[in-house]
Amino acid sequence: MRSVGRPIPLEHLAVARRTELASQWPTAAEVEQALGVERGRPAPSAMQMVCEGRLLAAYLPDSGGSWRFPPWQFGRDGKPVRYLADILGSIWGTGEALDAKGRTTGWAEIEWFIAGHALLDGRSPAELLATMPYQVLRAALAEFQSEN
Numbered sequence: 513m514r515s516v517g518r519p520i521p522l523e524h525l526a527v528a529r530r531t532e533l534a535s536q537w538p539t540a541a542e543v544e545q546a547l548g549v550e551r552g553r554p555a556p557s558a559m560q561m562v563c564e565g566r567l568l569a570a571y572l573p574d575s576g577g578s579w580r581f582p583p584w585q586f587g588r589d590g591k592p593v594r595y596l597a598d599i600l601g602s603i604w605g606t607g608e609a610l611d612a613k614g615r616t617t618g619w620a621e622i623e624w625f626i627a628g629h630a631l632l633d634g635r636s637p638a639e640l641l642a643t644m645p646y647q648v649l650r651a652a653l654a655e656f657q658s659e660n
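Per this note's numbering, residue 513 is the first one in the sequence shown, and the count goes up by one each step.
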């Protein structure tokens with residue numbers, strides 16, 4: 513017979529799931545290396561690109577905290593996919609993913625990217641971002657501009 517303990521709070525389950533999901537994603541240093549290799553010069557700071565709205569990163573609070581970068585936002589060349597900054601701008605334009613200081617942990621945006629979307633025939637924006645970035649942008653604009 514199984515013993516019944518206290519239920520695990522949903523917040524703890526969410527943190528565990530997010531950690532599991534993002535633990536294999538590239539770090540800022542790995543992103544910077546990939547961005548700089550092709551050009552043969554110093555790469556831009558990955559976190560600077562996040563602050564400028566050109567990349568998406570997810571914050572993991574465990575082990576002192578770290579930022580991880582979802583791999584689906586990069587093309588085969590290691591650069592951000594086309595229209596990514598526009599897509600992120602449309603999401604952030606509503607303010608829903610941002611705290612009172614205009615900051616984000618990245619998770620609200622990631623949830624949008626990995627969930628199936630009606631305007632993409634039920635497929636997730638992350639699934640289509642590399643091959644159909646304009647359609648993902650159109651879905652983001654349709655969803656988030658209508659909220660403004």
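Beta carbons: idealized from backbone N, C-alpha and C, even for Gly.
From a predicted model like this one, the values you see are computed outputs, not experimental measurements.
**Asked** Nearest CA to the CA of Arg594: which residue from Ala638, Gly634, Ala620?
**Response** Translated into the one-based positions of the sequence shown, residue 594 becomes position 82. Out of Ala638, Gly634, Ala620, Ala638 has the C-alpha closest to the C-alpha of Arg594.
**Thr643 in three-state terms, based on DSSP** = Numbered from 1 along the sequence shown, position 131 holds the residue referred to as residue 643. If DSSP states are grouped into helix, strand and coil, Thr643 belongs with coil.
**Beta-carbon proximity list for Pro573, same chain, < 6 Å, skipping 5 on both sides** = Within the sequence shown, residue 573 is the residue found at index 61, counting from 1. Closer than 6 Å at the Cβ level, and outside the excluded window around Pro573, lies no residue.
**Prompt:** What is the DSSP secondary structure of Thr539, counted as helix, strand or coil?
**Reply:** For the purposes of this step, residue 539 is identified with residue 27 of the sequence shown, where counting begins at 1. The answer is strand: DSSP assigns Thr539 an E or B state.
**Asked** By a C-beta neighbour count over all protein chains shown, 10 Å radius and 16 as the cutoff for buried, is Pro583 buried or exposed?
**Response** Start at 1 with the first residue of the sequence shown, and residue 583 comes out as number 71. With fewer than 16 other Cβ atoms within 10 Å, it is exposed.
**Message:** Beta-carbon within less than 8 Å of Met513's beta-carbon, same chain only, minus the 5 sequence neighbours each way: which residues are those?
**Reply:** On the sequence shown, residue 513 is found 1 positions in, with the first residue counted as 1. Note that Met513 has pLDDT 44, beneath the 50 cutoff, so the model's placement of it is unreliable and the number below is only indicative. Counting only Cβ-Cβ distances below 8 Å, and skipping sequence neighbours, we find nothing.
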